[in-house]
Every structure is written in structure tokens, then in C-alpha cells.
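Chemist: Its first residue numbered 17, the sequence shown is counted upward by one per residue in the working numbering.
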Amino acid sequence: MQYRSFIFALILLLSSNFDSLAAQAPFPKYQIQEVAKDLNFPWSLAFLPDGSVLVTERTGKLLRIKDGSVSEAISGLPTTIYVKGQGGLLEVILHPNFAANGWLYLSYATGDTDNNALQVMRAKLVGNKLTQQQVVFTVSPFKSTPVHFAGRMAFLADNTLLITSGDGFDYREDAQRLDSLMGKIIRINDDGSAPLNNPYFSENANSLTNYIFSYGHRNPQGILFDPVRKVIFSNEHGPDGGDELNVIQAGVNYGWPVITYGKDYIGGRISPFTEYPNMQQPLIDWTPSIAPSGMAVHSGEIFKTLNGDFLVSVLKFKEVRWVQMHDMEVLGQVSLFKELGQRIRDVRVHPDGSIYILTDSAQGKVLRVVPE
Numbered sequence: 017m018q019y020r021s022f023i024f025a026l027i028l029l030l031s032s033n034f035d036s037l038a039a040q041a042p043f044p045k046y047q048i049q050e051v052a053k054d055l056n057f058p059w060s061l062a063f064l065p066d067g068s069v070l071v072t073e074r075t076g077k078l079l080r081i082k083d084g085s086v087s088e089a090i091s092g093l094p095t096t097i098y099v100k101g102q103g104g105l106l107e108v109i110l111h112p113n114f115a116a117n118g119w120l121y122l123s124y125a126t127g128d129t130d131n132n133a134l135q136v137m138r139a140k141l142v143g144n145k146l147t148q149q150q151v152v153f154t155v156s157p158f159k160s161t162p163v164h165f166a167g168r169m170a171f172l173a174d175n176t177l178l179i180t181s182g183d184g185f186d187y188r189e190d191a192q193r194l195d196s197l198m199g200k201i202i203r204i205n206d207d208g209s210a211p212l213n214n215p216y217f218s219e220n221a222n223s224l225t226n227y228i229f230s231y232g233h234r235n236p237q238g239i240l241f242d243p244v245r246k247v248i249f250s251n252e253h254g255p256d257g258g259d260e261l262n263v264i265q266a267g268v269n270y271g272w273p274v275i276t277y278g279k280d281y282i283g284g285r286i287s288p289f290t291e292y293p294n295m296q297q298p299l300i301d302w303t304p305s306i307a308p309s310g311m312a313v314h315s316g317e318i319f320k321t322l323n324g325d326f327l328v329s330v331l332k333f334k335e336v337r338w339v340q341m342h343d344m345e346v347l348g349q350v351s352l353f354k355e356l357g358q359r360i361r362d363v364r365v366h367p368d369g370s371i372y373i374l375t376d377s378a379q380g381k382v383l384r385v386v387p388e
């Protein structure tokens, strides 16, 4: 009887931990295919319904890749793209109803050395040309630094659009101010208007608070809405240490620069606090910094054992970081694709589950990871 009880208890234990054990399985054997090369600092990509891929070059071009062939630059981009430092053409994302309405969205730095900001435009792609261009959002106030624009975007289930906005580096106190859109995650309707249910919406139609979804961010370089968990996740650059993966909730203060696990680049303390009342702790703190960039949640038949896990492209350590998850619990982290020896700017999961990677250089590549 005792023996049977022991076996039954063991079966229950193994059953309860099956998902956890599966999530910690080694990464499947793979091969890396070259989709395109000689791209000038590719920053973001989007999968079109016809099987082609749109890729932005930070230096100011939008390209289409199909069957290994790279198109001539797509015309109709804004003439005001500011290319300097971390600024330039950034994210490209398709509207959830792209097949019906044809809208795609681009984020980019606009302005000049003395006055620049993040801006978002939507347009329709006809052949190799953008048409019906509309500027739907501009971060305010403008700034005089060529860094910390953020610029990642993600659509939610209600077709509202999240936009990450950096703190401008020299303006980090603005991340805590609700009269500034720097250091924020912004939420807009797909036409650029402010959703009435944003957490700080006011009766003043001109108030910047109408667009704020969350605040206290430094430079969020990845954002996604997980349709299975129905949760928003974002990563962001800390200073020297203090990079973060966060669960994003409406109206929440994520603490920068009041709380941080990082230090200033010259070694000084930014804040004496790593915790403070009413300020959110990260799901993951990366100290020392890894310099996270893009981010994707895995789904699809290819590499199915990864479904629900996060893939984070990493600049500093030249890898993709596989964040193994069980529901909302982080089980572990594994470094992938270090054999490339390249800074990784973005990672995306194709609907079939294959993994696309953008390498960050003047001879950048689009790579596809598939089973061996």
C-alpha cells in the first residue's frame, strides 16, 4: 500500500511539473539561413501576407525582401527623418486588419540636431510606393539629443497602438512628469486620437496626459502584446546595469529614474533607491546590462516547444536571449546564436514558428532560423 501511494504521489509530482520541465528542455537543433545581406543597419521587420518581408534601415530606407531579392527603396517616406546617433527610421508594423485596410505604421526620428522627437506615420503600400501618408503621432516636447528615442510599437486586441518613447538621456526627470511624453508608453487609436479609457484621460483635449499609458521608463526597445496571456510585455535599457523586462499595466509607474538597479556610466549613483512605494519592480532585472533590443513571444508549429517563451535580441552580448516561461513565471534564460558574433537588433517569429533575426551593422543581414 505504501509503495502504491509513493508511485501515485510521484506521478502527480511529475504531472504537475511537466510543463516546467518541458520549458527547460534544450533548444532544438537548428540551421541559420541567410535571407538578405548588405543592409545598412536594419532595425525592424514585418511579414507581409504575400510572403515578402518589409525591413527598415535606420539610415532611412524601407525595403521589401521576397525570394531572397531585395527591392529598390520604397518611395514615399517622410522627408524629415533625422538620422543621427540612435535616430533614424525605426519600426515598421502592420495594422491587425492590414489585409482589409492596407495600413502600415512607421516610427522614426524627426527634426534636427537642436529640435528632434519621435514621430509615427501611417501609409498604404501600393507596389513600391507609400501612399495616403498621415502623421498620427509626435512625441512632445522636442529635445536636443540624438539618443533614447525608443520607437517600438505593438497593437492591442482592440486595435489601439502602443508606442514606446525614450527619455532623451539628458531629460530623464521627464520620465516621471505627466506633462511630458518622454519616458512613457503611449497608447493611441489607429487614427492617432487618444482613447477615452486611457488612465490619465482628461476633459482637456490638448492635454498630453490623454495619451499616456504608463510612465517611468528609460528607453524601451521591445514591446509586445501576448494574445494568449493577454498581457503586455516590454524590455528597456537601463544605464550601466538595470536593464529590465516588465509587465506593462495601465497607469503604472515603472520608477525611472527614482528607482534603478543600474549606475551612471561614469560610475556614480543615479538614485539610492531600488524600491519605492507605488513604483513597479521588473519581472527580470539584467545587471550587468545585456542591452536588449527587439522582443517576440514564440508561437507556431516550428520550434513548438518554445511556444509561450520570449526571445529577446541582445546587442551587448551578441545573442538572442531565450527567456523560458511557465505562465507568468520565469524558469530560466539561455543564450542563443552566439556563433554569429553579431549585435542583434531585432528578433521576430514568423507565423510558422521560424525565427527571423536582424544583425546590427553597416553590412547587416536578415537571417532565418529553422530546424536542422
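Don't be surprised by glycine CBs; every beta carbon is placed ideally from N, CA and C. Since the structure is predicted, the reported quantities are computational estimates derived from the model, not experimental observations.
1) Strictly by DSSP, which residues pair up with Asn-251?
2) Using 8 Å as the threshold, is the segment 301-308 in touch with the segment 217-226, meaning 3 or more CB pairs across them?
3) How many angstroms separate the CA atom of Thr-375 from the CA atom of Gly-369?
4) Can you confirm whether the segment 140-150 touches the segment 81-94 when touching is taken to mean that 3 or more C-beta pairs between the two stretches lie within less than 8 Å?
5) Could you compute how far the alpha carbon of Gly-257 sits from the alpha carbon of Ala-378?
6) Along the alpha helix (DSSP H) that carries Phe-114, what are the first and last residues, could you check?
7) Closest to Gly-199 by C-alpha separation, out of Thr-72, Thr-95, Val-313, Gly-232, would be which residue?
8) With 16 other CB atoms within 10 Å as the buried threshold, where does Asp-174 fall?
9) Helix, strand or coil for Ala-210 per DSSP?
10) Under the rule that 16 or more other beta-carbon atoms within 10 Å means buried, what is Lys-159, buried or exposed?
11) Quick check: the segment 320-334 against the segment 354-369, are there 3 or more CB pairs under 8 Å?
12) Output needed for Val-108: all residues of its chain with C-beta closer than 6 Å, excluding positions within five of it in sequence on either side, in chain order.
13) Measure the CB-CB distance between Gln-237 and Arg-168 and report whether it falls below 8 Å.
14) What's the gap between the Cα of Phe-241 and the Cα of Asp-128?
15) With DSSP as the reference, label Tyr-124 as helix, strand or coil.
16) Grouping DSSP H, G and I as helix and E and B as strand, with all else coil, what is Asp-54?
17) Where does Tyr-227 sit, in a helix, a strand or coil, going by DSSP?
18) Three or more C-beta pairs closer than 8 Å, one from the segment 277-292 and one from the segment 337-348: is that the case here?
19) With a CB to CB cut of under 7 Å and the five nearest residues on each side skipped, what residues in its chain are close to Pro-298?
20) If you draw a straight line from the C-alpha of Leu-383 to the C-alpha of Ile-318, how long is it?
21) Bridge partners of Val-395, per DSSP?
22) Between Ser-68 and the rest of its own chain, which residues show a CB-CB distance below 7 Å, the 5 nearest in sequence each way excluded?
23) Does DSSP put Thr-154 in a helix, a strand or coil?
24) Taking buried to mean at least 16 other C-beta atoms within 10 Å of its own C-beta, is Gly-84 buried or exposed?
25) State the DSSP-derived secondary structure class of Asp-190, mapped to helix, strand or coil.
26) Identify the continuous beta strand (DSSP E) that holds His-111 and give its terminal residues.
27) Compute the beta-carbon to beta-carbon distance between Arg-359 and Lys-334, rounded to the nearest angstrom, for a pair I have assumed lies under 8 Å.
28) Consult DSSP for Ala-75 and reduce its assignment to one of helix, strand or coil.
29) Is Ser-230 buried or exposed, if buried means 16 or more other CB atoms sit within 10 Å of its CB?
30) How is Leu-88 classed by DSSP in three states: helix, strand or coil?
31) Based on DSSP bridge pairs, tell me the residues matched to Pro-308.
32) Taking Cβ positions, are Glu-50 and Lys-381 nearer each other than 8 Å?
33) In whole angstroms, give me the CA-to-CA distance for Gln-47 and Ile-300.
Modeler: In short:
1) The beta-bridge partner set that DSSP reports for Asn-251 consists of Gly-238, Leu-261.
2) Verdict: no, contact absent.
3) Spanning the two alpha carbons is a distance of roughly 19 Å.
4) For the pair of segments examined, the segment 81-94 was found to touch the segment 140-150: the number of CB pairs separated by less than 8 Å reaches three.
5) One C-alpha to the other measures close to 27 Å.
6) Judged by DSSP secondary structure, Phe-114 falls within the alpha helix (DSSP H) whose first and last residues are 114-117.
7) With respect to the C-alpha of Gly-199, the residue from Thr-72, Thr-95, Val-313, Gly-232 having the closest C-alpha is Gly-232.
8) Counting other Cβ atoms within 10 Å of its Cβ, Asp-174 stays below 16 and is therefore classed as exposed.
9) Three-state DSSP puts Ala-210 in coil, outside helix and strand.
10) Of the residues assessed, Lys-159 falls on the buried side of the cut-off, its CB having 16 or more other CB atoms within 10 angstroms.
11) The segment 320-334 and the segment 354-369 touch, with no fewer than 3 CB-CB distances between them shorter than 8 Å.
12) Result list for Val-108: Ser-60, Ala-62, Leu-70, Thr-72, Leu-122, in chain order.
13) Yes. Within cutoff.
14) In a straight line, the C-alpha of Phe-241 is about 32 Å away from that of Asp-128.
15) Strand at Tyr-124.
16) Assignment of Asp-54 by DSSP, reduced to helix, strand and coil, places it in the strand class.
17) In this structure, Tyr-227 counts as helix in the three-state DSSP scheme.
18) The way I'd put it, the segment 277-292 doesn't touch the segment 337-348; fewer than three beta-carbon pairs between them come closer than 8 Å.
19) Closer than 7 Å at the Cβ level, and outside the excluded window around Pro-298, lie Glu-260, Leu-261, Asn-262.
20) Near 16 Å, if we compare the C-alpha coordinates of Ile-318 and Leu-383.
21) Within the shown structure, residues of the chain are numbered from 17 to 388, placing residue 395 beyond reach of any answer.
22) The residues Arg-80, Ile-81, Lys-82, in chain order, have a CB closer than 7 Å to that of Ser-68 in the same chain once the five nearest residues on each side in sequence are set aside.
23) DSSP places Thr-154 in the strand class (E or B) of the three-state scheme.
24) Gly-84 is exposed by the Cβ-count criterion.
25) DSSP places Asp-190 in helix when its eight states are reduced to three.
26) Here His-111 belongs to no beta strand (DSSP E), and DSSP marks it neither H nor E.
27) That belief holds up - the Cβ atoms of Arg-359 and Lys-334 are roughly 6 Å apart, short of 8 Å.
28) Here residue 75 turns out to be Thr, not Ala, going by the sequence shown. DSSP places Thr-75 in coil when its eight states are reduced to three.
29) So Ser-230 counts as buried.
30) It is Glu, not Leu, that sits at residue 88 in the sequence shown. In this structure, Glu-88 counts as coil in the three-state DSSP scheme.
31) Beta-bridge pairing links Pro-308 to Val-330.
32) Using a Cβ distance threshold of 8 Å, Glu-50 and Lys-381 count as a contacting pair.
33) When rounded, the distance between both Cα atoms is 29 Å.
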